[in-house]
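Visitor: Dropping a structure here in structure tokens format, bear with me for questions.
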Amino acid sequence: MSKAFSLKIRDEIFDEVEEIIKKLDTPRNAYINRALEYFNLMNRREFLKDSYIRESKMVSNNSLEILEEF
559 MSKAFSLKIR
569 DEIFDEVEEI
579 IKKLDTPRNA
589 YINRALEYFN
599 LMNRREFLKD
609 SYIRESKMVS
619 NNSLEILEEF
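Put into structure tokens, the structure is as follows:
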């Protein structure tokens, strides 16, 4: 299912998109969908990385406490 929405894009970004989609012979909608999908993927990875860093610090602190006991 698809959703329609209105979007304001700066002129320079729009012009660049138009130039690229002409070279790729791709519809604007498909290009923007792929760009958003990629951007979402990058953000999910960043969120996961931050989560791993946070959890790693928690485990590290616990590991140091356990090592100090021995």
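Residue 559 is where the sequence shown starts when you use the numbering used here, and the numbers rise one by one after that.
Note that CB positions come from ideal geometry on N, CA and C, so glycine has one too.
1) Could you tell me the distance, in whole angstroms, from the CA atom of I578 to the CA atom of L599?
2) At 4 residues or longer, and completely inside the region 563–624: list those alpha helix (DSSP H) runs for me, N to C.
3) Among the residues of its own chain, which have a CB less than 8 Å from the CB of K580, if the five just before and after it don't count?
4) Report the CB separation of R592 from V575 in whole angstroms; it is logged as a contact under 8 Å.
Guide: So, from the data block:
1) Here residue 578 corresponds to residue number 20 of the sequence shown, with the count starting at 1. Here residue 599 corresponds to residue number 41 of the sequence shown, with the count starting at 1. Straight-line Cα distance between these residues: approximately 21 Å.
2) 569–582
3) As a position in the sequence shown, residue 580 is number 22, starting the count at 1. For K580, where only same-chain residues beyond five positions count, there are no Cβ hits under 8 Å.
4) Position 34 of the sequence shown holds residue 592. Position 17 of the sequence shown holds residue 575. Contact flag wrong, Cβ pair sits at about 11 Å.
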